[in-house]
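S.K.: One structure, pasted below without further comment.
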Amino acid sequence: MKYKIIVLDLDGTLTNSNKEITPKTKEGLMDIQKKGYKVVLASGRPTPGVVGLAKELELEKYNGYILSYNGARIIDCNTGNVIYQKTVPNEVIPDLYETAKKHDVRVISYDIDYDTGEIVSGNGIDKYIELESSINNLPIKEVDNFGEYITFPVNKCLMSGDHEKLVKAMEDLQKKYKSYLSIYFSEPFFLEIMPQNVDKAQSLLMLLSQIGISSNEMICCGDGFNDISMIEIAGLGVAMENAQELVKDAADYVTLSNDNDGILHVINKFME
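When we follow this note's numbering, the leftmost residue of the sequence shown carries the number 18, and every step to the right adds one.
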């Protein structure tokens, strides 16, 4: 099979334990782009949390793509345009804010352009929001009334706090919005609130249909549970050696770990 596109999760896949792309892996990715292969960075991070790595790999020059928020938004790096997105309905935002206040947890969303923006925080700031800020290199803006402030399209909201309190908030929200929103834990201290039916696989299929590449011509590499859907639809689904066991079970091939240039190994074996 002649593969044409490689899709890469970031944390635990493309980047090593220091959250960096190693020089060898970067060289391999630059080489295949020069030969005409497409690169997609696919992450649960907000878009600005991915842009730095996209710029490092010069995706804007080689017509690469960013798939952020687990697939709720796809950006064409060459133009900076949003070519696909799903958003949280604005009419639910005030109730999310009231639910956060009721259960004494925090709620945030993201006000962003292509490569800049900020975390918008309602009901205070805690160490978990500070962690989210650090990971994505985004400043935090605390607003007086989160429900009234968020009038622009957002791809996700996030609640943070003690796990027991978040469980109660989740129970409240699922009673109202189970068929309307996707509500789940990404960490014990992070409750994700997303548009319904968002995952990396469905968004990638939308992208492939627009650029004229089939899923059989796609390699997808990942290490986490949110990577399973794209690994399963790819012509070649790859799990990292450091991946969860369920991810390895879903994959066609297990490469080296993210600290041992596992992505470079895939490039050398399947794309050269």
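Even for Gly, the Cβ is constructed at its ideal location relative to N, Cα and C.
Are the CB atoms of Leu84 and Ser199 within a distance shorter than 7 Å?
M.R.: No; because the gap between Cβ atoms is not below 7 Å, this pair is not in contact.
S.K.: Can you tell me the Cβ-Cβ gap for Val24 and Met211, rounded? I've got them flagged as a contact below 8 Å.
M.R.: Actually they are not in contact, since the Cβ atoms of Val24 and Met211 sit about 19 Å apart, beyond 8 Å.
S.K.: Identify every residue that forms a DSSP beta bridge with Lys55.
M.R.: Per DSSP, Ile22.
S.K.: According to DSSP, what are the bridge partners of Phe202?
M.R.: Per DSSP, Leu208.
S.K.: Does Val160 come out as helix, strand or coil in the three-state DSSP assignment?
M.R.: Coil.
S.K.: Does the segment 140 to 149 come within contact of the segment 91 to 102, defined as at least 3 CB pairs closer than 8 Å?
M.R.: Result no; under three Cβ-Cβ pairs closer than 8 Å.
S.K.: Check whether the Cβ atoms of Asp240 and Asn259 sit closer than 7 Å, and answer yes or no.
M.R.: Cβ distance < 7 Å, so Asp240 and Asn259 count as in contact.
S.K.: If we count Cβ pairs, one from each stretch, closer than 8 Å, do we get three or more for the segment 75 to 84 versus the segment 54 to 63?
M.R.: Yes: the two stretches touch, three or more of their Cβ pairs being nearer than 8 Å.
S.K.: Would you report the Cα separation of Val271 and Ala256, rounded to the nearest angstrom?
M.R.: Approximately 5 Å between the Cα atoms of the pair.
S.K.: What residue from Ser274, Gly252, Pro170 has the CA that sits closest to Gln261's CA?
M.R.: It is Ser274 whose Cα lies nearest to the Cα of Gln261.
S.K.: Using only the alpha-carbon positions, how far apart do Lys265 and Tyr86 sit?
M.R.: C-alpha separation (whole angstroms): 23 Å.
S.K.: Using a threshold of 7 Å, state whether the C-beta atoms of Tyr201 and Glu209 are closer than that.
M.R.: It is a contact, given that the beta carbons lie within the stated cut-off.
S.K.: Considering just the uninterrupted stretch of the alpha helix (DSSP H) at Tyr114, what are its terminal residues?
M.R.: Tyr114 -> alpha helix (DSSP H) spans 110 to 119.
S.K.: Might you give, ordered along the chain, the residues of its own chain that have their beta carbon closer than 6 Å to the beta carbon of Val109, omitting 5 neighbours on each side?
M.R.: No residues qualify anywhere along the chain.
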